[in-house]
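Here's the structure we're looking at; comments come further down.
Number of protein chains: 2
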Amino acid sequence: MIKPNRRTATADPDTDTEQRILDAARAVFVRRGTAGARMQEIAQEAGVNQALLHYYFRSKDRLAEAVFRQIAGRILPTVFEVLGSDATIEDKVRGLVTLYIDALSASPFLSGYILSELHHHPERARQLFTQAAGADPAHFAAPILRKLGGQIEARVREGTLRPIAPERFAINLISLCIFPFAARPLFQVAFGLDDAAYVRFLERRKRDLPEFFLNALRA
Amino acid sequence: MIKPNRRTATADPDTDTEQRILDAARAVFVRRGTAGARMQEIAQEAGVNQALLHYYFRSKDRLAEAVFRQIAGRILPTVFEVLGSDATIEDKVRGLVTLYIDALSASPFLSGYILSELHHHPERARQLFTQAAGADPAHFAAPILRKLGGQIEARVREGTLRPIAPERFAINLISLCIFPFAARPLFQVAFGLDDAAYVRFLERRKRDLPEFFLNALRA
DNA sequence: GTCTATATTGTGATAGAC
DNA sequence: GTCTATCACAATATAGAC
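Taken in sequence, the protein lines are chains A and B.
When we follow our numbering, the leftmost residue of the first sequence carries the number 1, and every step to the right adds one.
When we follow our numbering, the leftmost residue of the second sequence carries the number 220, and every step to the right adds one.
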């Protein structure tokens, strides 16, 4: 029952066609970048004809938007869930580091794709939050920052932490988590690490990075 | 004497044509990304006809490569020069932070462009070093890492620093420097900062970041 | 070297049969 | 819903006059 043009499909032929197209589109857009992606390649990867992409998504633009929406809706909530939880600062740091390293290890191009989209379609940065929370970005992040800020403040009064604005806390931590993936080709070549060695470096980083980061905060 | 098709040119009409094309190409490739850039837009920005781009550079591919080569040749040497210098660790950190923040502030898309190129043309990562130093990447970075490692080790014996591999030192510092630019649209929206506020944040970071980073290393 | 005009292909999108 | 065939135009690249 396998149709001949599904020979090159990598998507599961049993799932819903629209979803299969979306999955294929995600893979191709992320791998090639939005501008570099070709409808033909997406169709092939989905195991369908190019015309079907237009039947379901009307245009490349809309398909790209659907892909970004899907990706954004998955990542951000998890991150802010961790940062806004009741866990201790130490647990938040460890949780976020592990979360990022595991997620990005599975998808080498993902970080670059998101950064590129945000630069070339800044309006989607907003979308990203409303998609995730149905709320204004500021009203979404504010309570989380307030909570984090409160935790920091309490520890500062305790004398166990030095003061830092919660925004700086978040930016520094997220930078340290994501950039080793975004700049992976650079670091691998610069330090002469093959794929296996870099994976080991990242795995070790789940312990090393929290230690480094928390030490920076220590009073 | 201004020719009519130079009306839209932003490049200096007095400089050498080949150089003017290269400058225009750099601007457009960095702004739009390599796949999103159009030869027509480059020609217009250079104030010449599209045919001239091919006369000088043969194809879009070669032009893109020339642009990357030019950019790579400018950035890396400076970075490794600072890291490999005789300055103290504290001065290296402060120097690198200021260097990055100043350079990337002037060109919002630059970090994303380089990261994207490295992902989509991994072979250029190598090029980037050979271009900068005429040497094998490993043989270029190794002495710098050795020197940095020696400095760290001496300070560890002194009891003023905790041990850290020089590679981790570099990766963490560079991550903290570049990522706030690579993810600028995200952070601006998340924290509700307009352009002016983000510039102030980056300016303040020239002091804040060295303090944060050095504290992380303190024994 | 620089231009205009044009060839050639690539690529998103549509028409219409089944 | 899915396909084949094709359109329309965008984009890279070349030919040839000046």
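Ideal Cβ placement from N, Cα and C applies to all residues, glycine included.
Beta-carbon proximity of residue i to residue j, cut-off 8 Å
{"i": "B:L323", "j": "B:F388", "result": "no"}
{"i": "A:L209", "j": "A:V97", "result": "yes"}
{"i": "B:S394", "j": "A:S175", "result": "yes"}
{"i": "A:V138", "j": "B:G411", "result": "What sits at residue 138 of chain A in the sequence shown is Ala, not Val. Their beta carbons are under 8 Å apart, which means A:A138 touches B:G411 by this criterion."}
{"i": "B:L405", "j": "B:I320", "result": "no"}
{"i": "B:E397", "j": "A:F212", "result": "Note on identity: in this sequence residue 397 of chain B is Ile, with Glu being the wrong assignment. It is not a contact, given that the beta carbons lie outside the stated cut-off."}
{"i": "A:L22", "j": "A:A66", "result": "yes"}
{"i": "A:G33", "j": "B:G252", "result": "yes"}
Through-space distance from residue j to residue i, alpha-carbon basis
{"i": "B:L295", "j": "A:A190", "result": "11 Å"}
{"i": "B:T349", "j": "B:L302", "result": "18 Å"}
{"i": "B:L272", "j": "B:T234", "result": "16 Å"}
{"i": "A:L161", "j": "A:A219", "result": "5 Å"}
{"i": "B:A243", "j": "B:G368", "result": "41 Å"}
{"i": "A:P143", "j": "A:R155", "result": "19 Å"}
{"i": "B:K204", "j": "B:R423", "result": "Only positions 220 to 438 of chain B appear in the structure, and residue 204 of chain B is not among them; the question remains open."}
{"i": "B:K222", "j": "B:N268", "result": "Caution applies to B:K222, whose pLDDT of 41 falls short of 50 and renders its modelled position unreliable; the model cannot decide the point."}
{"i": "B:L282", "j": "B:A360", "result": "28 Å"}
{"i": "B:E237", "j": "B:E264", "result": "13 Å"}
{"i": "B:F328", "j": "A:E158", "result": "42 Å"}
{"i": "A:R126", "j": "A:A135", "result": "10 Å"}
{"i": "A:A196", "j": "B:A254", "result": "30 Å"}
{"i": "A:R58", "j": "B:L392", "result": "45 Å"}
{"i": "A:M39", "j": "A:K60", "result": "7 Å"}
{"i": "B:D310", "j": "A:R20", "result": "54 Å"}
{"i": "B:S304", "j": "B:Y274", "result": "42 Å"}
{"i": "B:I390", "j": "A:A87", "result": "28 Å"}
{"i": "A:D194", "j": "A:R31", "result": "20 Å"}
{"i": "A:R74", "j": "A:R26", "result": "13 Å"}
{"i": "A:H121", "j": "B:I308", "result": "39 Å"}
{"i": "A:V42", "j": "A:A106", "result": "First, the amino acid is wrong: residue 42 of chain A is Ile here, not Val. Approximately 20 Å between the Cα atoms of the pair."}
{"i": "A:Q70", "j": "A:Q188", "result": "30 Å"}
{"i": "A:V93", "j": "A:A133", "result": "22 Å"}
Sequence-distant residues of its chain with Cβ nearer than 7 Å to residue i (five each side left out)
{"i": "A:A37", "result": "V28 and F29"}
{"i": "B:R343", "result": "F287, E336 and L337"}
{"i": "A:P166", "result": "L145, L148, G149 and I152"}
{"i": "B:L436", "result": "L380, R381 and I383"}
{"i": "B:R419", "result": "none"}
{"i": "B:K425", "result": "V316, T317 and I320"}
{"i": "B:T297", "result": "L318"}
In DSSP terms, what residue i is bridged to
{"i": "B:L380", "result": "B:R437"}
Cutoff 6 Å; reference residue i; Cβ partners in own chain excluding five residues on either side
{"i": "A:A72", "result": "L128 and Q131"}
{"i": "A:N5", "result": "At A:N5, the pLDDT of 43 sits below 50, so the modelled position is not reliable and the matter cannot be decided from this model."}
{"i": "B:Y332", "result": "V249"}
Same chain only: Cβ atoms within 8 Å of residue i, ignoring 5 sequence neighbours per side
{"i": "A:E81", "result": "none"}
{"i": "A:L115", "result": "A182"}
{"i": "A:R184", "result": "P108 and Y198"}
What are the residues in the segment 313-324 of chain B lying within 7 Å of chain A by C-beta distance?
Answer in chain order: no residues at all.
Using a Cβ-Cβ cut-off of less than 8 Å, list which residues of the segment 76-94 of chain A approach chain B; keep chain order.
Close to chain B, meaning a Cβ-Cβ distance shorter than 8 Å, is no residue of the segment 76-94 of chain A at all.
The segment 166-188 of chain A: positions lying closer than 9 Å to chain B by Cβ
Contacts with chain B (Cβ-Cβ distance below 9 Å) from the segment 166-188 of chain A involve E167, R168, A170, I171, N172, I174, S175, L176, C177, I178, F179, P180, A182, A183, R184, P185, L186, F187 and Q188, listed in chain order.
Quick one: which residues of the segment 253-283 of chain B get their C-beta closer than 7 Å to a C-beta of chain A? List them in chain order.
Answer set for the segment 253-283 of chain B: A254 and G255.
Taking any Cβ of chain A, which residues in the segment 236-248 of chain B have a Cβ under 7 Å from it, in chain order?
Hits within the stretch: zero.
Beta carbons nearer than 8 Å to chain B: which residues of the segment 122-139 of chain A have them?
Per Cβ criterion, the list reads P122, A125, R126, L128, F129, P137 and A138.
Cβ-based contacts, 7 Å cut-off: residues of the segment 141-162 of chain A near chain B:
Correct list: A141.
Please list, in chain order, the residues of the segment 326-337 of chain B that have any C-beta partner in chain A closer than 7 Å.
Identification of residues in the segment 326-337 of chain B having a C-beta nearer than 7 Å to some C-beta of chain A yields F328, G331, L334, S335 and L337, given in sequence order.
Could you name the residues of the segment 189-203 of chain A whose beta carbon sits closer than 7 Å to any beta carbon of chain B, in the order they occur along the chain?
Identification of residues in the segment 189-203 of chain A having a C-beta nearer than 7 Å to some C-beta of chain B yields V189, A190, F191 and G192, given in sequence order.
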